[in-house]
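Heads up, the thing below is written out as structure tokens.
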Amino acid sequence: MSNHPTIAFATLGCRTNQAETAQLIAQLSDVCAVLPFPEPADVYVINTCTVTHEADRQSRQVIRRAYRANPEAALIVTGCAVDYHPDELAAMPGVRLIATRDDKERIAAEVAAWYDRKLGTELPPSPSQTGHTRAWLKVSEGCNNRCAFCIVPQTRGAELSQDPAKLVDRARALAATGYQELVLTGTNVGMYGRDRGESLARLLDRLIREVPEIPRWRIASIEPIDFPDELVERLADPKVCPQIHLCLQSGSSRVLARMRRRYNADQYRRLVAKLRRARPDLALTTDIIVGFPGETEEDFAETLAMVEEIGFAGVHQFPFSLREGTHAETLDGRVSPAVIGERMARLSEAAARAKAAWQESFRGQEVEVLTERAPEGSPERPGHTAHFMKVWVSAAETAPNQRWMARVDRIEDGEAFATLLTCC
Ligand code: SF4
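For the sequence shown, the residue numbers in this note's numbering are 2 to 425.
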């Protein structure tokens, strides 16, 4: 593991926090060397507690200890304190990401992105070593947009796209180590190629053509403004996964304008309609910020209505958190934490309903599942479909990193279970 990034975890508070940290360790220990806290590490994940002032104080103290142990490290802060003091924690030295409880996927993605930057062209361990079946192919860095809430353009700089030939080489190498699904990522992936006379659609074509052994290509998070028609057309390719994370941020055109998002709610709707014409079974997931300055009850109601109308398969929701140096600092109309908390709960319910309806639409359907490592002692193994629905199948009859056709026959407590049909 010497070439792998090192990671250390610090956990404060209750058993829930302990369990969540254990889950993160299980998720990340294959791609990172886990060190005892506070040994100098590349990444720290700090799971905070805010049950008392003392717990709050200790949480901040642990963040400072991590920073002192390695001022170059990426600090990822999660847990209860994040819900109450996101701004204060985000402003602490070294803090790279504030992640809510609902945002565990993002922690793994952030660590993976960090890993990618550290290792450059080196490859992660193969899926047979890790049980992970998706690899990230980072196509670009930086962003030329200036969304009012975002500090990324200041921290990552202007858009910079990777050489397509190098990306093909890297994809080939990842395929040779056994990966069956590659996810195109970047700070603003839709802009890929604008700085070198290329485009994401042409890159995708080239990758599919020149690395035919990869059966699944997925586009990660993308901005609605960066979705040209030639990319929409690529969605019809059966190797392109029918799932897009299309960042909405708000369902209110008034709030989107204040966010400087360069599209309005109707443009977003029209894009979704166009995408669904190209790929009728397309699953859409999204990001939503709750309580952006000036967000009224009417604005928020428009967001809720949009979640229902689009039928998102998943919503990553974030309470608005002011970042120093962003345009949002100059905006009036701050929304109180109590109102933000209440809206977060309502959005969470709307998102859960939309997700449940989407999952239900697969009941009785045949899906292709790419299997992953099973939790210790579990009779079932998780996997993801091309639509990025998590599905559990028999662990005894399968191994990690296999593609199986399976029929979804049960959905219980938000989890889908399927009967195996044939191995692809
Ligand atoms: S939110 Fe995305 S598109 Fe907007 S400035 Fe940040 S990175 Fe760029």
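Every residue, glycine too, gets a C-beta built ideally from N, C-alpha and C.
When the Cα of residue 365 is compared with those of 395, 21 and 410, which residue comes out closest?
410
Using a Cβ-based criterion (distance less than 7 Å to any ligand heavy atom), does residue 97 qualify as near the ligand SF4?
no
To which residues of the same chain is residue 233 closer than 8 Å at the C-beta, ignoring the five residues directly before and after it?
Around residue 233: 275, 276 and 279.
Helix, strand or coil at residue 10 according to DSSP, with G and I counted as helix
strand
Quick one: give me the first and last residue of the alpha helix (DSSP H) that residue 349 is part of.
The continuous alpha helix (DSSP H) containing residue 349 extends over residues 338-361.
Straight-line CA distance for residue 120 to residue 180?
Its pLDDT being 46, under 50, residue 120 is placed unreliably in this model, and the value from its coordinates should be taken loosely. Cα-Cα distance, rounded: 18 Å.
For my contact list, residue 284 and residue 314 are in at a C-beta cut-off of 8 Å; report their separation, rounded to the angstrom.
4 Å
Can you tell me where the beta strand (DSSP E) with residue 323 in it begins and where it stops?
No residue range can be given for residue 323, since it is assigned to no beta strand (DSSP E) and is classified by DSSP as neither H nor E.
Limits of the alpha helix (DSSP H) - the one that residue 142 falls within:
Element bounds for residue 142: not the alpha helix (DSSP H) but the beta strand (DSSP E), 135-142.
When the distance is taken between beta carbons, is residue 183 closer than 8 Å to residue 215?
yes
Just to confirm my understanding: we take residue 355, look at its own chain, exclude 5 residues before and 5 after, and list those with CB closer than 6 Å. What are they?
308, 312 and 313
Is there at least one non-hydrogen atom of the ligand SF4 closer than 7 Å to the beta-carbon of residue 154?
yes
With DSSP as the reference, please indicate the residues paired to residue 245 in a beta bridge.
285
Determine the contact status of residue 191 and residue 223, defining contact as a CB-CB distance below 8 Å.
The beta carbons of residue 191 and residue 223 sit closer together than 8 Å.
Smallest Cα separation from residue 271: which of 310, 160 and 407?
Measuring from the Cα of residue 271, the nearest candidate turns out to be 310.
Should the segment 337-353 be called in touch with the segment 366-380, which here means at least 3 C-beta pairs below 8 Å?
no
Distance, residue 240 Cα to residue 212 Cα:
11 Å
Buried versus exposed call for residue 379 [16 or more other C-beta atoms within 10 Å across all chains shown]
Result: exposed.
Could you pull out every unbroken alpha helix (DSSP H) segment of at least 4 residues lying fully inside the segment 159-217, listed in chain order?
Counting whole runs of 4 or more residues, the segment 159-217 contains the alpha helix (DSSP H) stretches 165-177 and 201-211.
Does the beta-carbon of residue 142, which I'm using as the reference point, lie nearer than 7 Å to any heavy atom of the ligand SF4?
no
Separation of residue 385 from residue 414, as counted between CA atoms:
17 Å
Cα-Cα separation, residue 147 to residue 109
26 Å
Please determine whether the Cβ atom of residue 327 lies at a distance below 7 Å from any heavy atom of the ligand SF4.
For the ligand SF4, not one heavy atom lies less than 7 Å from the Cβ of residue 327.
Looking at residue 408: is its Cβ nearer than 8 Å to the Cβ of residue 371?
no
Residue 224 beta carbon near the ligand SF4 (any heavy atom closer than 7 Å):
Yes - the ligand SF4 has a heavy atom lying nearer than 7 Å to the Cβ of residue 224.
Would you check if the distance between the CB atom of residue 316 and the CB atom of residue 289 is smaller than 8 Å?
yes
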